[in-house]
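Residue numbers for the sequence shown follow full-length UniProt numbering, so the first one is 1 and each next one is one higher.
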Amino acid sequence: MPRKDKIILLTKVIASALVVASVLMLNPIGANAEWKHNLAGWWYAEGDSWATGWSEIDGKWYHFNSRGYMEHDKTIDGYYLDSSGAWKEVMTTSENLKFDKSTGTIVGYSGVNTVVNIPSEIDGVSVTSIGRGAFSTDNSSAKIESVTIPNSVTSIGESAFEWDSNLKAISIPESVKKIEKATFNGCIKLTSVTMPNGLTSIGQGAFSGCGNLTNIIIPDNVTYIDNVAFAGCHSLRSIDIPKSVKRIVGGAFENCDKLTSMNIHSSTVIGQYVFDGTPNVKITIVN
Numbered sequence: 001m002p003r004k005d006k007i008i009l010l011t012k013v014i015a016s017a018l019v020v021a022s023v024l025m026l027n028p029i030g031a032n033a034e035w036k037h038n039l040a041g042w043w044y045a046e047g048d049s050w051a052t053g054w055s056e057i058d059g060k061w062y063h064f065n066s067r068g069y070m071e072h073d074k075t076i077d078g079y080y081l082d083s084s085g086a087w088k089e090v091m092t093t094s095e096n097l098k099f100d101k102s103t104g105t106i107v108g109y110s111g112v113n114t115v116v117n118i119p120s121e122i123d124g125v126s127v128t129s130i131g132r133g134a135f136s137t138d139n140s141s142a143k144i145e146s147v148t149i150p151n152s153v154t155s156i157g158e159s160a161f162e163w164d165s166n167l168k169a170i171s172i173p174e175s176v177k178k179i180e181k182a183t184f185n186g187c188i189k190l191t192s193v194t195m196p197n198g199l200t201s202i203g204q205g206a207f208s209g210c211g212n213l214t215n216i217i218i219p220d221n222v223t224y225i226d227n228v229a230f231a232g233c234h235s236l237r238s239i240d241i242p243k244s245v246k247r248i249v250g251g252a253f254e255n256c257d258k259l260t261s262m263n264i265h266s267s268t269v270i271g272q273y274v275f276d277g278t279p280n281v282k283i284t285i286v287n
């Protein structure tokens, strides 16, 4: 046995001798139960060894790490372990919305409706975020045309609506401060986007490939427009970049072949290839 394992074993053996009735147990268990505890945490003895991985104990599921110590207050393999270490049912479905109650996150949609209204809370838990790829083709087969997002939502994850080829309109609530990477990438029918006034950044490829997007108003608090953010938006014709924008990264408006007019403040740093494949744009520098 490696020296490290011997030390762990010795520590557990010593700690076992010190466990007394006054120690708070995780769950009501019988007198012959073999929960053990030391300063490093709890473990469950099984004869001469101890549990690792998933184990069902007294009708409840627990997870023990490779050293045998019980995990708690975290999600493992998609299952949430509460402060007692027991697996807690956190995934629920409401109106075909798959919801993780431990994080307040919409993680998928299993319905067929073309119009989706996200509630501000599900089962008494506030809906605070739309998870990565939640409405993308990876997690939803519905042909969603519009989505209503409540003000309780503060974040929309990467690729949340990616390749939703039927999405036509979206209004992002004031509570959201960032549009993440590829959030609406490939939404080819998207024609209308309402951005919140408090928005600060537009992520890489956020609206890339939104070929029917004809108009976009960038709020005054946006400071950063990332790489290929609007690349391939073939229907964009004009756009005003507010003074708040400090930097536009390479390729942000590449292949926007119908874009003819853009106002940019002199303080804005423009990266390389921002207008690559956008031959007709006339840029007006505003002081």
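Virtual Cβ for every residue (Gly too), placed ideally from N, Cα, C.
- In the structure shown, the three-state DSSP call for K177 is coil.
- Using a Cβ distance threshold of 8 Å, G251 and Y273 count as a contacting pair.
- For W61, the enclosing beta strand (DSSP E) starts and ends at K60 to F64.
- Inclusion of M91 and D77 in the CB contact set at 8 Å is not warranted, their separation being larger than that value.
- Excluding five sequence positions before and after K258, the CB atoms of its chain that fall closer than 7 Å to its own CB belong to H234, S235, L236 and R237, given in chain order.
- Taken through DSSP and simplified to helix, strand or coil, G108 comes out as strand.
- According to the DSSP assignment, M262 belongs to the beta strand (DSSP E) that extends over S261 to H265.
- Taking every protein chain shown into account, the CB of D123 has fewer than 16 other CB atoms within 10 angstroms, so this residue is exposed.
- Residues of the same chain with a CB within less than 7 Å of the CB of V115, apart from the 5 flanking positions on each side, are E145 and S146 in chain order.
- Looking only at S141, N139 and I172, the smallest Cα-Cα distance to V153 is reached by I172.
- Cβ contact annotation for S126 (same chain, cutoff 8 Å, sequence separation greater than five): G104, S120 and S152, in chain order.
- Of all alpha-carbon atoms in I57, S208 and K177, the one lying nearest the alpha-carbon of W163 is that of S208.
- Cβ contact annotation for W54 (same chain, cutoff 7 Å, sequence separation greater than five): W61 and H63, in chain order.
- Exposure of K246 is indicated by the presence of fewer than 16 other C-beta atoms within 10 angstroms of its C-beta.
- The beta-bridge partner set that DSSP reports for W87 consists of L81.
- For E46, the enclosing beta strand (DSSP E) stretches over residues G41 to E46.
- In this chain, the beta strand (DSSP E) harbouring K74 covers K74 to I76.
- Relative to E180, the option among I130, K282, N263 and N96 whose CA is nearest is I130.
- Under DSSP, L97 shares a beta bridge with S94 and Y109.
- In the three-state scheme derived from DSSP, where H, G and I count as helix and E and B as strand, Y69 is classed as coil.
- N117 is bridged by DSSP to T148.
- Judged by DSSP secondary structure, E56 falls within the beta strand (DSSP E) whose first and last residues are G53 to I57.
- Taking the CA atoms as reference points, N113 sits about 18 Å from P150.
- Shown here, I216 sits in coil according to DSSP, grouped into three states, outside any helix or strand.
- DSSP lists S171 as the beta-bridge partner residues of T194.
- Residue pairing for N38: DSSP places it in a beta bridge opposite G41.
- Relative to the Cα of T137, the nearest Cα in the group N212, V176 and G186 belongs to G186.
- Sixteen is the threshold: when 16 or more other Cβ atoms of the shown chains lie within 10 Å of the Cβ of A182, as they do, the residue is buried.
- Per DSSP, T284 is one residue of the beta strand (DSSP E) stretching across K282 to V286.
- By alpha-carbon distance to G108, the top candidate from T52, G157, I264 and C256 is G157.
- Taking C-beta atoms as the reference points, H265 and K282 fail to come closer than 8 Å.
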